[in-house]
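A.B. asks:
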Amino acid sequence: MEKKFVDLCFTMSEKIPKETALEIVAIKQVLAAILAKMPDKRESIIDDLSGVDSDIMRDIVANFKKIK
Numbered sequence: 001m002e003k004k005f006v007d008l009c010f011t012m013s014e015k016i017p018k019e020t021a022l023e024i025v026a027i028k029q030v031l032a033a034i035l036a037k038m039p040d041k042r043e044s045i046i047d048d049l050s051g052v053d054s055d056i057m058r059d060i061v062a063n064f065k066k067i068k
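Residues in the sequence shown are numbered consecutively from 1, following the UniProt record's numbering.
1) Are there three or more Cβ pairs, one per stretch, closer than 8 Å when the region 43 to 58 is compared with the region 19 to 26?
2) If you count every other CB in all the chains shown that lies within 10 Å of the CB of Ile60, and 16 or more means buried, which is it?
3) Can you grab the Cα-Cα spacing for the pair Ala36 / Arg58, in whole Å?
4) If we ignore side chains and look at the alpha-carbon of each, how far apart do Met38 and Lys65 end up?
5) CA-CA distance, Glu43 and Pro17?
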């Protein structure tokens, strides 16, 4: 099976210490990998998250939509 990699571009506030930001990005990447393994649930999860009105969630949703 061929593995496909998606260039996710999560953004973080410059106010967050670098080490903490790297941990948060790692968690987001793990969640994206889990979501990629669940194609039958992906659209529903993305739809639910799309309803959250925040810049951070819009960033996450935009990256999750890159996963096909």
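We treat Cβ as the ideally placed atom computed from N, Cα and C, and that holds for glycine.
C.D. replies: Straight from the coordinates:
1) With the cut-off at 8 Å, the region 43 to 58 and the region 19 to 26 do not touch.
2) Here residue 60 corresponds to residue number 60 of the sequence shown, with the count starting at 1. Ile60 comes out buried.
3) To locate residue 36, count along the sequence shown from 1; it is residue 36. To locate residue 58, count along the sequence shown from 1; it is residue 58. For Ala36 and Arg58, the distance between alpha carbons rounds to 18 Å.
4) Position 38 of the sequence shown, counted from the start, is the residue given in the question as residue 38. Position 65 of the sequence shown, counted from the start, is the residue given in the question as residue 65. Approximately 13 Å between the Cα atoms of the pair.
5) Here residue 43 refers to the residue found at position 43 when the sequence shown is read from its first residue. Here residue 17 refers to the residue found at position 17 when the sequence shown is read from its first residue. If I take the Cα positions, the gap works out to 33 Å.
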